[in-house]
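Undergrad: In the numbering used here, the protein residues as written are -16 to 339.
1. Would you please state the rounded distance, in angstroms, between the beta carbons of residue 286 and residue 152? I believe it to be under 8 angstroms.
2. Mind listing, in chain order, the continuous beta strand (DSSP E) runs of no fewer than 3 residues lying wholly within the segment 86 to 150?
3. Output needed for residue 58: all residues of its chain with C-beta closer than 6 angstroms, excluding positions within five of it in sequence on either side, in chain order.
4. What is the DSSP secondary structure of residue 222, reduced to helix, strand or coil?
5. Under 8 angstroms, with one C-beta from each stretch per pair, do the segment 128 to 141 and the segment 268 to 278 reach the 3-pair mark?
6. How many angstroms separate the CA atom of residue 266 from the CA atom of residue 130?
7. Are residue 22 and residue 336 closer than 9 angstroms when you measure CB to CB?
8. Classify residue 102 as buried or exposed, calling it buried when 16 or more other Cβ atoms lie within 10 Å of its own Cβ.
9. Hey, residue 281 and residue 233 are a contact pair by Cβ (cut 8 angstroms); roughly how many whole angstroms apart?
10. Got a sec: is the Cβ-Cβ distance from residue -16 to anything in chain C below 9 angstroms?
11. Could you round the C-beta distance between residue 15 and residue 38 to whole angstroms and report it? I think they count as a contact, below 8 angstroms.
12. Please state if the CB of residue 43 and the CB of residue 55 are separated by a distance shorter than 9 angstroms.
13. On the three-pair Cβ rule with 8 angstroms, is the segment 194 to 204 touching the segment 155 to 174?
14. Please name the residue in 148, 83, 26 and 63 whose C-alpha comes closest to that of residue 255.
15. Pop quiz: residue 307 and residue 137 are said to be a contact at Cβ under 8 angstroms. What is the actual Cβ separation, rounded to whole angstroms?
16. Going along the chain, which residues of its own chain have a beta-carbon closer than 8 angstroms to the beta-carbon of residue 145, five neighbours each way excluded?
17. Ends of the alpha helix (DSSP H) at residue 75?
18. I'd like to check one pair, residue 117 with residue 31: are the Cβ atoms closer than 9 angstroms?
19. Could you tell me if residue 304 is buried or exposed, where buried requires 16 or more neighbouring beta carbons within 10 angstroms of its beta carbon?
20. Could you check which residue in 263, 236 and 216 has the C-alpha nearest to that of residue 227?
21. Buried or exposed, going by whether 16 or more other CB atoms sit within 10 Å of the CB of residue 271?
22. Please return the same chain residues whose Cβ sits closer than 8 angstroms to the Cβ of residue -12, not counting the five positions on each side in sequence.
23. In whole angstroms, give me the CA-to-CA distance for residue 114 and residue 2.
24. In three-state DSSP terms, what is residue 156?
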């Protein structure tokens, strides 16, 4: 799926794909989840170098490896991660792997796709909406063969972003109350992360009734239709007027971020997970910010470390605690990728996945 430039339609093209070089892995994709970040690139909300091959939430099987690769071998099943890290820079030593200062070097400058006279950049150094891709070794994380690759693909971005926001960033404690703005793939993963952490009150907020019903199936104890009710007032009503211990914004809209902060209790934690427009913003009271002692956090990719988080999340999947299968509401062939993004815009899926 090739994006030739800003504002151009996504096109399915036949491209050539390089063989792996030093420290690289060539992967035959089995599945690629469709993330809202891809849609933001398509809609020019997030500026990107083009032309490019879109997609970054992939899983597949290693076809071949370049010189120096030791962690995976041909035939291995892998998830492709957007949070490759060097492990040696200041941020990595501090445990902030998603903020790796050497991430561009960790991923490697890589243009493995070619179309006519164009070299195509892989989006997020993955380019998962292609039958084959070539990635840096530390982008391909080996998993056991018994994990369905369609479900496993979601860990690459949406699930680690959401579950990680609850467990790694907010550090939700057992018995806590949580309110989550957004019931897309990320918001539903935040919900599951809060449930796994032992939260007792789980409030999901959206404007799509079908998504709210889906949130109930994944453990929401209460749902709020923000198109009908004031979400801040309702969260306060459900928490004895105090506010939630933990609130999360998983949409990427300044207004919702402000609501999430407002609905957190005094001393509570509001975590911003959604990535919005760079020209969007929200405001806080300069007087109340210190007085209420709330904590406001940003969470990028769930503060995740794939080599640490993928194994434990797959353990939760095997134990029935983390539902990946239900998140995959529709699968598409690559030829229908444009329709898949239209369905995303219409709010039809928890997660659509392109399968090869």
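By construction, the Cβ of each residue, glycine as well, lies at the ideal position given by its N, Cα and C atoms. It should be emphasised that the depicted structure is a prediction, and the values quoted were computed from it without experimental measurement.
TA: Straight from the coordinates:
1. The beta-carbon separation of residue 286 and residue 152, rounded to 5 angstroms, stays under the 8 angstroms limit for a contact.
2. Note on the segment 86 to 150: whole beta strand (DSSP E) runs with a minimum of 3 residues are 96 to 98, 101 to 105, 115 to 119 and 123 to 126, in chain order.
3. The same chain holds no residue with a CB closer than 6 angstroms to that of residue 58 once the five nearest residues on each side in sequence are set aside.
4. Reduced to three states, the DSSP call for residue 222 is coil.
5. Counting Cβ pairs under 8 angstroms, fewer than three are found: no touch.
6. One alpha carbon belongs to residue 266, the other to residue 130, and they sit about 44 angstroms apart.
7. Judged by their CB atoms, residue 22 and residue 336 are not nearer to each other than the 9 angstroms cut-off.
8. Exposed, because fewer than 16 other Cβ atoms sit within 10 Å of the Cβ of residue 102.
9. Not confirmed; about 12 angstroms, so no contact.
10. Going by chain labels, chain C is absent from the structure shown, which holds only one protein chain.
11. Right, the Cβ-Cβ distance comes to about 5 angstroms (below 8 angstroms), so this counts as a contact.
12. Their beta carbons are not under 9 angstroms apart, which means residue 55 does not touch residue 43 by this criterion.
13. Contact between the segment 194 to 204 and the segment 155 to 174 is established, with three or more Cβ pairs separated by less than 8 angstroms.
14. Relative to the Cα of residue 255, the nearest Cα in the group 148, 83, 26 and 63 belongs to 148.
15. Contact holds; Cβ gap of about 6 angstroms.
16. Answer for residue 145: 168, 169, 170, 171, 172, 173, 174, 175, 176, 233, 256 and 285, listed in chain order.
17. Per DSSP, residue 75 belongs to the alpha helix (DSSP H) from 73 to 76.
18. Not closer than 9 angstroms, so no.
19. With fewer than 16 other Cβ atoms within 10 Å, it is exposed.
20. Nearest C-alpha to residue 227 among 263, 236 and 216: 216.
21. By the neighbour-count criterion, in which a residue is buried when 16 or more other Cβ atoms sit within 10 angstroms of its Cβ, residue 271 is exposed.
22. Once the five neighbours on either side are set aside, the close Cβ partners of residue -12 are 33 and 34.
23. Computed Cα separation, rounded: 14 angstroms.
24. In this structure, residue 156 counts as coil in the three-state DSSP scheme.
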